């Protein structure tokens, strides 16, 4: 889904201030929702009910959306921007769980199931707009439209499969292979063709890449330099440009 193709544009509300969609945006928002995985295959009346229950919030780049341990009362859905989900150890070290940036992706979803405190933290990687849906509203909509529960279970299943594959990667692959695989994943999700390759359109630093692959910043930095010398990628202005996708795929195969 490409939000640039949607005519709905969120107003310039105060940073992370709650704001309900206005009347002029109702149809555009309904169109957006009907294209998301969570609210696919719903009738117009149910989509309208969902739209009326949503609250829009805007976060600046690098602003925390919620902290691990915060009360969990709402589900979040990305409209635009990018979000990193991570957990913090007792020593303060961060382990990234997933990067999200596709319109319609959800996070903080455990809150609408059990209402327990947040099991992870979320931070906006870029200027980000999200919609929130309260636990009460979600449960009311599920009772009205069981298809939402089916869609929700499919989303959770996909997330669980992804987590399992990441655990398998950490257990069986060396750091170089994990880094190559993660760069391929990021290029597939956030890559854009440029003159000399594919640029990863994500605001992510080397420490955050390291936390995604279970490595230290130092080892990640060293491997990125190796990939650069091999002509696989180029680091420019804090961005990663993949120059040789075939070589990166070979590196990801170990």
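In the numbering used here, the protein residues as written are 1395 to 1648. Glycine included, each C-beta is placed from N, C-alpha and C at the ideal position. Everything numeric in this text was worked out from a predicted model, so none of it was measured.
Looking only at 1634, 1493, 1421, 1443, the smallest Cα-Cα distance to residue 1535 is reached by 1443. Annotation: the continuous beta strand (DSSP E) that includes residue 1633 extends over 1633-1636. Nearest to residue 1526 by C-alpha distance, out of 1499, 1613, 1582, is 1499. A straight line joining the alpha-carbon of residue 1619 with that of residue 1611 spans about 12 Å. Between the stretch 1485-1504 and the stretch 1545-1559, the count of C-beta pairs closer than 8 Å reaches three or more; the two stretches touch. CA-CA distance, residue 1582 to residue 1596, rounds to 12 Å.
Distance from the Cα of residue 1448 is smallest, within the candidate group 1519, 1524, 1425, for 1524.
Looking at the DSSP output, residue 1523 shares a beta bridge with 1452, 1474. Using a C-beta cut-off of 8 Å, the stretch 1572-1582 makes no contact with the stretch 1451-1463, since fewer than three inter-stretch Cβ pairs fall below that distance. Ranked by how close their Cα comes to the Cα of residue 1469, the residues 1459, 1461, 1529 have 1529 in first place. A distance below 7 Å between beta-carbons, with the five flanking residues on each side excluded, links residue 1601 to the following residues of its chain, in chain order: 1611.
Going by C-alpha positions, residue 1479 is about 29 Å away from residue 1640. Listed in chain order, the non-local C-beta contacts of residue 1467 below 8 Å within the same chain comprise 1505, 1509, 1528, 1529, local neighbours out to five positions each way being set aside. Inter-residue distance for residue 1634 and residue 1539 is about 43 Å (C-alpha atoms, whole angstroms). For the pair residue 1522 and residue 1475, the CB atoms are nearer than the 8 Å cut-off. For residue 1420, the uninterrupted alpha helix (DSSP H) run begins and ends at 1420-1428, by DSSP. For residue 1585, the enclosing beta strand (DSSP E) has its first and last residue at 1585-1588. Residue pairing from DSSP places residue 1501 in a beta bridge opposite 1470.
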